[in-house]
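Presented below is the structure to which this report refers.
Number of protein chains: 2
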Amino acid sequence: MNLDFAKSDGLVTAVIQDHASGRVLMVGYMNQEAFNKTVETGFATFWSRSRKKLWLKGESSGHRLVVKEISTDCDLDAVLVKVEAQGPGVCHEGYESCFFRRLDAGEWKVADNPTYDPGAVYGGKS
Amino acid sequence: MNLDFAKSDGLVTAVIQDHASGRVLMVGYMNQEAFNKTVETGFATFWSRSRKKLWLKGESSGHRLVVKEISTDCDLDAVLVKVEAQGPGVCHEGYESCFFRRLDAGEWKVADNPTYDPGAVYGGKS
């Protein structure tokens, strides 16, 4: 039984969840190589669709995601990766979770407080 | 500020999470119409990539997903929908969550117990 990478142009969707709090931290995409790296190294690794390259999450910021458990769904085209997030936040915009905007009366509103200064961590890179 | 449907062929990724337990129940995809229906009706509605049609989750099984909260991520191409799941399970294979297989020593192994009999609910349809 293998993941179905063929269904979506060689990628599976990867949901990243904090293993302790249960908070969903981000959604990324993995090709076979990124998935293998994730399993072999124990650090979540993605395929960056915008940069078209493998992306070890935290390679710039140091905020790596330590893999605790990996599940897959019934049609094998998504994985749920429970992690311990190193550092104060997963989102490059300075938040614990990338899901920091909430729908409120039809508008997306920032619903979280920042947990770090991305300018200091990324040195001006986003 | 609007969701970015253009990035992935008109779809955003939708992560469905139980609002009470925090368990990730499934991953689906929404086009603009499915997202609008989800917001307007309060029931999670997807775009079925295999059937190429709108899909009110629970239209066959009665196991609808009542929307409690919707968030989006920093690049606006994924939504996190916290729900109250009606019925014993979200997965058409008879489990509470579609993520019922866990990676164990390189093999995907069923890690949950079924919560209902899909044959009885779906009448033989998968």
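Protein sequence lines, in the order shown, are assigned to chains W and F. First residue of the first sequence? That's -9 in my numbering, and the numbers climb one at a time after it. First residue of the second sequence? That's -9 in my numbering, and the numbers climb one at a time after it. Glycine is no exception: its CB is placed at the ideal position from the N, C-alpha and C atoms. None of the values given here were measured: they were computed from a predicted structure.
message = With a threshold of 7 Å on Cβ separation, who are the neighbours of R54 (chain W) within its own chain once the five nearest residues in sequence on each side are excluded?
response = By the criterion of a C-beta distance shorter than 7 Å, R54 (chain W) is surrounded in its chain by F33, K47, G48 and Q76, once the five residues flanking it on both sides are discounted.
V100 (chain W) burial status per 10 Å Cβ neighbour count (16 or more: buried) = The Cβ neighbour count for V100 (chain W), taken over all protein chains shown within 10 Å, is under 16; the residue is labelled exposed.
ask   = When the Cα atoms are used, what is the spatial distance from M(-9) (chain F) to G12 (chain F)?
value = Per the coordinates, the alpha-carbon of M(-9) (chain F) lies some 27 Å from the alpha-carbon of G12 (chain F).
inquiry  = Please list the terminal residues of the continuous beta strand (DSSP E) segment that includes F25 (chain W).
reply    = Per DSSP, F25 (chain W) is not a residue of any beta strand (DSSP E); the alpha helix (DSSP H) it occupies stretches across Q22 to T31.
inquiry  = Which residue marks the beginning of the alpha helix (DSSP H) containing V111 (chain W), and which one marks its end?
reply    = Here the alpha helix (DSSP H) through V111 (chain W) covers P108 to Y112.
query = Helix, strand or coil: which one does DSSP assign to S(-2) (chain F)?
reply = Of the three classes helix, strand and coil, the one that applies to S(-2) (chain F) here is helix, per DSSP.
Cβ pair count under 8 Å reaching 3, the segment 59 to 68 of chain F against the segment 80 to 87 of chain F = Contact between the segment 59 to 68 of chain F and the segment 80 to 87 of chain F is absent, because fewer than three Cβ pairs lie under 8 Å.
request  = List the whole-angstrom C-beta distance separating V2 (chain W) from V69 (chain W), where the pair is believed to meet the contact cut-off of C-beta under 8 Å.
outcome  = Going by Cβ atoms, the distance from V2 (chain W) to V69 (chain W) rounds to 6 Å, so yes, they are a contact pair.
query = Ordered along the chain, which non-local residues of its own chain (more than five positions away) have a Cβ less than 6 Å from that of L22 (chain F)?
reply = For clarity, residue 22 (chain F) is Gln in the given sequence; the question names Leu instead. Closer than 6 Å at the Cβ level, and outside the excluded window around Q22 (chain F), lie F(-5).
task = Output, in sequence order along the chain, the residues in the segment -1 to 27 of chain W whose CB is closer than 7 Å to any CB in chain F.
result = Per Cβ criterion, the list reads T3, V5, Q7, G12, V14, M16 and V17.
message = Please state the DSSP three-state secondary structure of V80 (chain W).
response = Judged by DSSP in its simplified three-state form, V80 (chain W) adopts coil rather than helix or strand.
task = Counting only the same chain and skipping the five closest in sequence on each side, list residues whose C-beta sits under 8 Å from that of V57 (chain F).
result = Here the set comprises T28, V29, G32, F33, A34, V71, K72 and V73.
key: DSSP beta-bridge partners of S38 (chain W)   = Answer by DSSP bridge pairing, in chain order: W:K43.
inquiry  = Counting only Cβ-Cβ distances shorter than 7 Å, please list the residues of the segment 55 to 71 of chain W near chain F, keeping chain order.
reply    = Residues E59, I60, S61, T62, D63, C64, A68 and L70.
ask   = Taking 9 Å as the CB-CB limit, is Y85 (chain F) close to chain W?
value = Closer than 9 Å to some Cβ of chain W, the Cβ of Y85 (chain F) qualifies, so yes.
key: For S87 (chain F), the residue or residues it bridges with in DSSP   = In the DSSP assignment, S87 (chain F) is bridged to no other residue.
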